[in-house]
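Asks: Below you'll find the structure I mean.
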Amino acid sequence: MSQPKDNQYALVTGATMGIGYELAKLFAQDGYNIIAVARNEADLKKVAVEFSASYGVEVEIIPKDLFGENSARELYDEIKRKGLHVEVLVNDAGQGVYGFFDETDIEDQVKIIHLNIVSLTRLTYYFLKEMKARNSGKILQLGSIVSEIPSPYQAVYGGTKAFVLSFTEALISELKDTDITVTTLQPGATDTDFFRKMGGEHSKIAADKD
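For the sequence shown, the residue numbers in my numbering are -7 to 202.
Written out as structure tokens, the structure is:
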């Protein structure tokens, strides 16, 4: 276990389950203090107790539903008010709907676009500006194998992940002369609650997490 990094935080959205939880745990093991973001406050408190006890790091919890129109900005502003230094941004929160596109609820699909693209893009924008000002930082975006393989019954979800991949690759080029890294994690089939919630248990390709 690494020594805690003084006032250096890894901000992880979707930090209470699945891949987001495992990523937050890895950063805590590496000595980063954690800003854990998810919708369920009770689950966040459990994560905070576990990580603090196991890894000796500070854990700030922020209950936030990133489906909300202004939620990304609200999250950023709250972190600034707390005076926390975000060295690592992990955009993990994501969701999908499984089924024939024209048979799903279009409002659900639009919400998925907002969560998977708009909130991710806004958080990247806000924290990247700070990282560029100090020329240090890391951004990890959660993509999916479906960003590269068209996936029937996950059309909107796959489209959002294709955006994440293209967006990240463009940023990598823009930041090539800096000490800032941007990476996309591209998981394939993963046994998390995300895919069961999506309703795609029988598909050959799974996605990431809620």
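Cβ atoms here follow ideal geometry from the backbone N, Cα and C, with glycine treated the same way.
Excluding the 5 residues flanking E50 on each side, which residues of the same chain have their C-beta closer than 6 Å to its C-beta?
Replies: Around E50: N25.
Asks: For the alpha helix (DSSP H) containing A34, list its first residue and its last residue.
Replies: 33 to 47 is the extent of the alpha helix (DSSP H) around A34.
Asks: Expressed to the nearest angstrom, what Euclidean distance is found between the alpha-carbon atoms of F59 and V89?
Replies: Rounded to the nearest angstrom, the two C-alpha atoms are 14 Å apart.
Asks: So G129 is in the beta strand (DSSP E); what residue range does that whole segment cover?
Replies: Here the beta strand (DSSP E) through G129 covers 129 to 134.
Asks: Just list the residues that DSSP pairs L3 with in beta bridges.
Replies: I27, L81, per the DSSP bridge assignment.
Asks: Could you tell me whether the region 115 to 129 touches the region 89 to 107, where touching means 3 or more Cβ pairs closer than 8 Å?
Replies: Output reads no: the region 89 to 107 does not touch the region 115 to 129.
Asks: Can you tell me where the alpha helix (DSSP H) holding L177 begins and where it ends?
Replies: L177 -> not in any alpha helix (DSSP H); beta strand (DSSP E) instead, spanning 172 to 177.
Asks: Out of E70, V29, S44, state which residue places its alpha-carbon closest to the alpha-carbon of P55.
Replies: Of E70, V29, S44, the residue nearest in Cα terms is V29.
Asks: Report yes if the CB atom of F119 is closer than 8 Å to the CB atom of L76, and no otherwise.
Replies: Not a contact, by the Cβ cut-off of 8 Å.
Asks: With I141 as the anchor, note down where its beta strand (DSSP E) starts and where it stops.
Replies: No beta strand (DSSP E) contains I141, which DSSP labels as neither H nor E.
Asks: Could you pull the start and end residues of the beta strand (DSSP E) that E95 belongs to?
Replies: From DSSP, E95 is part of no beta strand (DSSP E); its letter is neither H nor E.
Asks: Tell me the residue span of the beta strand (DSSP E) that contains A52.
Replies: Note that residue 52 is Glu in the sequence shown here, rather than Ala. Counting along the chain, the beta strand (DSSP E) containing E52 begins and ends at 51 to 55.
Asks: Check this for me: beta carbons of Y1 and A7, under 8 Å apart or not?
Replies: No.
Asks: Which residues bound the alpha helix (DSSP H) around F19?
Replies: Run containing F19: 10 to 21, per the alpha helix (DSSP H) assignment.
Asks: Could you check how far apart the C-beta atoms of T170 and T160 are, in whole angstroms? I think they sit under 8 Å.
Replies: Actually they do not touch by this definition, with Cβ atoms about 15 Å apart.
Asks: Grab the span of the alpha helix (DSSP H) containing Y68 for me, first residue to last.
Replies: Start and end: 63 to 73.
Asks: Spatial neighbours of P142 within its chain, please: CB distance less than 6 Å, with the 5 preceding and 5 following residues excluded, ordered by chain position.
Replies: Here the set comprises nothing.
Asks: At the level of alpha carbons, what is the spacing between M9 and E66?
Replies: In a straight line, the C-alpha of M9 is about 22 Å away from that of E66.
Asks: Go to L115, then tell me how far its alpha helix (DSSP H) extends in each direction, as first and last residue.
Replies: Where L115 is concerned, the enclosing alpha helix (DSSP H) stretches over 112 to 126.
Asks: Compare the Cα-Cα distances from K168 to each of G150, A154, N127 and report the closest residue.
Replies: Of the listed residues, the one whose Cα sits closest to K168 is N127.
Asks: Report back the beta-carbon spacing between N139 and L163 to the nearest angstrom; my notes put them in contact at under 8 Å.
Replies: It is worth fixing the name first, because residue 139 is Ser in this sequence and not Asn. No, S139 and L163 are not in contact; Cβ-Cβ is about 15 Å, not under 8 Å.
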